[in-house]
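Down below is the structure, laid out as structure tokens.
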Amino acid sequence: MPVATGCNLLKGMLLIMLLAWPFTAKAQQLAAPVYPGAVAAEHAVGGQQQTYVRVFYSHDPIAAVVAFYEQQLGPLEKLRSGQQSYQPEIRGGRLVHYRYVLHRVIPLEKAALHPELVAVEISSPQPTEEGTPAGVAMPPQLADADPRCRPPSDFFEPLLNMVVNDPARDWPDFNAACERFHHLQWSLFFPSAERDERGRTLNQAQAMIRRYHDENLPPVLAEADMEALALQMQTLAMSGRMEEAQALARQMATGTRSPGMPVGTPGTAAGIDWDDWVNLLAEIDQHAYRTRIMIHTDPATWPDRIRLRERD
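Under mature numbering (1 follows the signal peptide of the UniProt record, and there is no 0), the letters of the sequence shown match residues -27 to -1, 1 to 285, in that order.
Structure, rendered in structure tokens:
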């Protein structure tokens, strides 16, 4: 390449970068500071919303995040809080119980032009009341389990089964693990690069559990596996999760384990070790986020077509 041509190309690239720089820097301006240690969650924003908000995840509990923003921005207006007492809600045949907390502030200098501006929204998927939903009976053999970890979950199902079936384990062991990791059941996780048999993207926790099962569990179900499956199927059915219970029934009929099948049974029969599973939960915990923070970009960067809807 001639020297003159190379210089012209370089000048052209520099010119493009200089022209684009003010727009790029301007587009990244936020209406509130980013919480220390929070990680950008680009996957959590889609469509037109990408134009005017950024989402971040934090490992810290929501109370710590709210305290930070109140120190930075002043008192936050609490628009919507979770249910004061547990009220069951059915969605798609599954029981849903959670808390959603939303805060906002109105920057006074922009209120005249953008009265609906939300600087920061802070939320947590933590349930208002953790544990077995009201009106849902649990098998009697689970009566001594910590209620926060008693409902069916991929995180604690193996430990539940080991306590029920292994005389060497007792409920204090299980409840200690629950105290340490119960928040995993409602935490936020980033998506992984892995997919399940239906092509759905697994989050990081699901992918880690799947890999553990695929590496440690035999393809053929042992008698202990069948007993654990029966208990899990009973618990799912009593919780109203009939589709999942039916899937386990089909699994028991074939006598084989599907990839990533979340079943834990005692001892080496299923290849699951108590300490190994607790260590896996500790690894998963490093990828668990408890609070979601949504920050609007500065209104000066919004396209003219952006008009936020009035909020509750």
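All C-beta atoms, glycine included, are put in the ideal place defined by N, C-alpha and C.
Name the DSSP beta bridge partners of residue 29, please?
-> As a position in the sequence shown, residue 29 is number 56, starting the count at 1. Answer is 13 and 266, bridged to residue 29.
If you run the structure through DSSP and keep just helix, strand and coil, what is residue 95?
-> Residue mapping note: residue 95 aligns to position 122 of the sequence shown, counting from 1. DSSP places residue 95 in strand when its eight states are reduced to three.
Evaluate residue 138 with the Cβ neighbour count: other Cβ atoms within 10 Å of its Cβ, from every protein chain shown; 16 or more gives buried, anything less gives exposed.
-> Stepping through the sequence shown from its first residue, residue 138 is reached at position 165. Residue 138 is buried by the Cβ-count criterion.
Whole-Å CB distance - residue 97 paired with residue 263, under 8 Å assumed | Taking the sequence shown and counting its residues from 1, one reaches residue 97 at position 124. Taking the sequence shown and counting its residues from 1, one reaches residue 263 at position 290. Confirmed, about 6 Å.
Identify which residue in 167, 170, 208 and 163 has its Cα closest to the Cα of residue 15.
-> To locate residue 15, count along the sequence shown from 1; it is residue 42. When only C-alpha atoms are compared, the closest one is 163.
In angstroms, rounded to a whole number, what distance separates the CA positions of residue 246 and residue 255?
-> Taking the sequence shown and counting its residues from 1, the one referred to as residue 246 is at position 273. Taking the sequence shown and counting its residues from 1, the one referred to as residue 255 is at position 282. In a straight line, the C-alpha of residue 246 is about 14 Å away from that of residue 255.
If you check the beta carbons only, do residue 154 and residue 258 fall under 8 Å apart?
-> Locating residue 154 in the sequence shown gives position 181, counting from the first residue. Locating residue 258 in the sequence shown gives position 285, counting from the first residue. In this structure, residue 258 lies closer than 8 Å to residue 154 by Cβ.
Where does residue 37 land, buried or exposed, given buried means 16+ other C-beta within 10 angstroms?
-> Along the sequence shown, read from residue 1 onward, the residue named residue 37 stands at position 64. Exposed, by the Cβ-count rule.
Quickly, what does DSSP pair residue 176 with across the bridge? List them, please.
-> If you number the sequence shown from 1, residue 176 lands on position 203. Paired residues: 164.
Buried or exposed: residue 208, going by 16 or more other Cβ atoms within 10 Å of its Cβ?
-> Counted from its first residue, the sequence shown places residue 208 at position 235. When all chains shown are included, residue 208 counts as buried.
Between the Cα of residue 9 and those of 32, 26, 27 and 24, spot the shortest distance and give me the residue it belongs to.
-> Working through the sequence shown from its first residue, we reach residue 9 at position 36. Cα-wise, what sits closest to residue 9 is 32.
Please specify which runs of the alpha helix (DSSP H), each continuous and at least 4 residues long, are wholly inside the segment 108 to 153, giving them in chain order.
-> 130 to 138
Backbone secondary structure at residue 3 - three-state DSSP = As a working note, residue 3 is residue 30 in the sequence shown. Three-state result, residue 3: strand.
For residue 49, the first and last residue of its enclosing alpha helix (DSSP H) = Taking the sequence shown and counting its residues from 1, one reaches residue 49 at position 76. Premise fails: residue 49 is in no alpha helix (DSSP H) and is neither H nor E.
From residue 135 to residue 142, what distance separates their C-alpha atoms?
-> Residue mapping note: residue 135 aligns to position 162 of the sequence shown, counting from 1. Residue mapping note: residue 142 aligns to position 169 of the sequence shown, counting from 1. Between residue 135 and residue 142, the C-alpha separation is close to 7 Å.
When DSSP labels each residue in this structure, what does residue 311 get in the three-state scheme?
-> The shown model of the chain, from -27 to 285, leaves out residue 311, and the question about it has no answer.
Terminal residues of the continuous alpha helix (DSSP H) containing residue 254?
-> Residue numbering aside, residue 254 sits at position 281 when the sequence shown is read from its first letter. Looking at the DSSP string, the run of the alpha helix (DSSP H) that includes residue 254 is 247 to 258.
Give the straight-line distance between the Cα atoms of residue 210 and residue 46, rounded to the nearest whole angstrom.
-> Taking the first residue of the sequence shown as position 1, residue 210 is located at position 237. Taking the first residue of the sequence shown as position 1, residue 46 is located at position 73. If I take the Cα positions, the gap works out to 48 Å.
Can you give the beta carbon distance from residue 267 to residue 94, rounded, assuming they're within the 8 Å contact cut?
-> The residue you call residue 267 lines up with position 294 of the sequence shown. The residue you call residue 94 lines up with position 121 of the sequence shown. Sure, about 4 Å apart at Cβ, within 8 Å.
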